[in-house]
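Taking it in order: structure first as structure tokens, then the write-up.
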Amino acid sequence: MGNLQQKIVKAGHRSDELLHQKQIIVSDNQAQAQRFAALQQEHQALLRQHEALQQMLARERSRLATFLGKTSPAS
408 MGNLQQKIVK AGHRSDELLH QKQIIVSDNQ AQAQRFAALQ QEHQALLRQH
458 EALQQMLARE RSRLATFLGK TSPAS
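Heads up: the sequence shown begins at 408 in the numbering used here, then just goes up one per residue.
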């Protein structure tokens, strides 16, 4: 009977260890999900910034082309 009790106690300890490992994994997954969400938000902000910069560049190119057209000797 003592041998069976030892096995039960060992199984209980192992169960506790596995539960603890599961809690660590769940916590890590939650932290990774939060980091991923933050990175997604940062990515969206960078995409918006990139689009704004492209629009500014297009406007400046247009202004430069207009300026060069007005100042070129061919006009």
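Ideal placement from N, C-alpha and C gives every residue a C-beta, glycine not left out.
These numbers come from a predicted model, not from an experiment.
Go to residue i, then tell me how far its alpha helix (DSSP H) extends in each direction, as first and last residue.
i      : result
Ser479 : Where Ser479 is concerned, there is no enclosing alpha helix (DSSP H), given that its DSSP letter is neither H nor E.
Short of 8 angstroms in beta carbon distance, which residues of its chain neighbour residue i, apart from the five on each side in sequence? Order them along the chain.
i      : result
Arg466 : none
Gly409 : none
Leu446 : none
- Message: List, from N- to C-terminal side, the beta strand (DSSP E) runs of 3 residues or more that fit wholly inside the region 415-457.
- Response: none
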